[in-house]
Amino acid sequence: MKYNLYVVRQIRKIQNKIGKKETLEKLNIGRTVIWRWESNEYPPSLDHLSNICILSAQIFCKKNANRSEEIKKMYKELFMQGLYCIMVDYYEKNNNILSTSL
């Protein structure tokens with residue numbers, strides 16, 4: 215659940231900056247996909263997370279001499295936050311399974 219919320223929040227930030235239509239086109243996803251992520255029908259894949267992080271880093275990095283280095287650094291930070299959310303969801307899911315089986 216946390217992972218879905220993280221991805222949807224990142225998409226909303228991008229949409230606020232460049233617009234809804236352009237965001238959906240650049241990420242190559244539809245409105246229904248975002249709705250399914252929000253309603254927790256299924257989680258986004260790691261490919262989706264990677265594309266969202268790349269686009270977010272490109273949009274929100276300031277233009278200066280070391281822009282490419284900043285984009286790489288921001289991408290790594292965003293991607294690691296997404297992986298952390300996946301780990302938290304996995305732990306919570308398995309912890310619930312263990313507590314019910316005892």
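Taking my numbering, the leading residue of the sequence shown gets 215, the next gets one more, and so forth.
Note that beta-carbon positions come from the ideal geometry of N, C-alpha and C, so glycine has one too.
These numbers were taken from a predicted model, which means no experiment stands behind them.
- Inter-residue Cα distance where the pair is Ile248 and Gln229: 12 Å
- Look up Met215 in the DSSP assignment and say whether it is helix, strand or coil. coil
- Message: As a quick exercise: from Glu306, Lys307, Asn242, pick the residue whose alpha carbon is nearest that of Leu263.
- Response: Asn242
- Inspect the beta-carbon positions of Thr246 and Leu269 and report whether they are closer than 9 Å. no
- Since Ser264 is in the alpha helix (DSSP H), which residue starts that stretch and which ends it? 260-274
- Query: Three-state secondary structure (DSSP) at Glu366?
  - Reply: No answer is possible for residue 366: it lies beyond the span of the chain, which begins at 215 and ends at 316.
- Can you grab the Cα-Cα spacing for the pair Phe293 / Ile232, in whole Å? 21 Å
- Item | Ile243 in three-state terms, based on DSSP | coil
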